[in-house]
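Structure, as structure tokens:
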Amino acid sequence: MERPYHHGLMTFVTVALLMLAFVASGADRESYRCQFFQAYLEGDMSQWLQWAEEIEAEYPGDREWILLALQARYGLIGYYFGTEQNGKIKPVLKDADRRLEELLDRHPNDARLLSLQSAFQAFKIGLAMYKAPFLGPKAEASVQQALKLDPKEPMAWLEAGNSLYNRPALFGGDKQQAIEAYKKSLALFESKDEACNYLKVLVQVFIMKGYYETGQRELYQSTRQLLEKKYGQLPWLDDFLPSTILD
Numbered sequence: 012m013e014r015p016y017h018h019g020l021m022t023f024v025t026v027a028l029l030m031l032a033f034v035a036s037g038a039d040r041e042s043y044r045c046q047f048f049q050a051y052l053e054g055d056m057s058q059w060l061q062w063a064e065e066i067e068a069e070y071p072g073d074r075e076w077i078l079l080a081l082q083a084r085y086g087l088i089g090y091y092f093g094t095e096q097n098g099k100i101k102p103v104l105k106d107a108d109r110r111l112e113e114l115l116d117r118h119p120n121d122a123r124l125l126s127l128q129s130a131f132q133a134f135k136i137g138l139a140m141y142k143a144p145f146l147g148p149k150a151e152a153s154v155q156q157a158l159k160l161d162p163k164e165p166m167a168w169l170e171a172g173n174s175l176y177n178r179p180a181l182f183g184g185d186k187q188q189a190i191e192a193y194k195k196s197l198a199l200f201e202s203k204d205e206a207c208n209y210l211k212v213l214v215q216v217f218i219m220k221g222y223y224e225t226g227q228r229e230l231y232q233s234t235r236q237l238l239e240k241k242y243g244q245l246p247w248l249d250d251f252l253p254s255t256i257l258d
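Have a look at this one:
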């Protein structure tokens, strides 16, 4: 007859091992997040695609891991646009779009995924402006659906801000409203206990840029000082902003 304590011991060991595996997996994911974060602060995106591809190869069916890789691709594409490396965008975006659609098939009401869908549609417009009449409404619909499903999703407010910021005023664009959307995004990102989240820094940079481009010079200066106090000298800030901003 099996001894009761032996069965209980085995159960305890099994649970303990599962917990250790879970913790290790979380730690690995946090390690990747911090790699992306530190590289972002340094303005060195050279390994981002490699890291994203490692994640995708190792965890092809895991929502949390693939989401991390998709957010890395999102940032990398933005970097390529900002540094005028448009020739590198299409393959990165095509792969990201395919993986995103696979996740959305399984999680159609995921606000974070819908927010990324909006962003990727906007990136496609950036590559081919003639697609704006077709993809513009789709991008807006995706972000509005995300906000409806989860008004506390920071990525949805980030993309709502981007939509308002980049659209011409004739089509509803408004930089001041965009800044307010970015502020909501930042507050929601900051409400989450995430030590390494480059998106939180990105939103602050968008707010800073918005202040400058709407003539709010003092707010621009104070936001920049706060950024540099939190994260140190960000060597790429002046490259991100128009050359007229330089003091």
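Under our numbering, the first residue of the sequence shown carries the number 12, and numbering increases by one thereafter. Quick reminder that beta carbons are idealized off the backbone N, C-alpha and C, glycines included.
For the options Ala152, Leu181, Tyr223, Pro179, the alpha carbon positioned closest to that of Glu170 is the one of Ala152.
The beta carbon of Cys207 lies closer than 6 Å to those of Arg44, Cys45, Phe48 in the same chain, with the five residues before and after it left out.
The DSSP-derived three-state label of Trp247 is coil. Note that the segment 87-99 does not touch the segment 65-78; fewer than 3 beta-carbon pairs, one per stretch, sit closer than 8 Å.
In the DSSP annotation of this structure, Lys99 is not part of any alpha helix (DSSP H), being labelled neither H nor E. C-alpha of Phe131 to C-alpha of Glu113: approximately 14 Å in a straight line.
For the segment 160-190, the continuous alpha helix (DSSP H) assignments of 4+ residues that do not extend past its boundaries occur at 165-177, in sequence order. If you look at Met219, you'll find it in the alpha helix (DSSP H) that goes 209-224.
Gly54 carries a coil assignment under DSSP once its states are collapsed to helix, strand and coil.
Cβ-Cβ distances below 8 Å link Lys186 to Leu175, Tyr176, Gly221, Glu224, Thr225 in the same chain, with the five nearest sequence neighbours on each side left out; the list follows chain order. Three or more Cβ pairs closer than 8 Å define a contact, and the segment 140-155 falls short of that threshold against the segment 195-202. Within the same chain, Phe47, Phe48, Tyr51, Gly86 come within 7 Å of Tyr209 by CB-CB distance, once the 5 residues on both sides are set aside. The C-beta distance from Trp247 to Gly54 rounds to 4 Å, short enough to fall under 8 Å.
Of the residues assessed, Lys203 falls on the exposed side of the cut-off, its CB having fewer than 16 other CB atoms within 10 angstroms. About 7 Å separates the Cβ atoms of Arg110 and Glu67, confirming a contact at the 8 Å cut-off.
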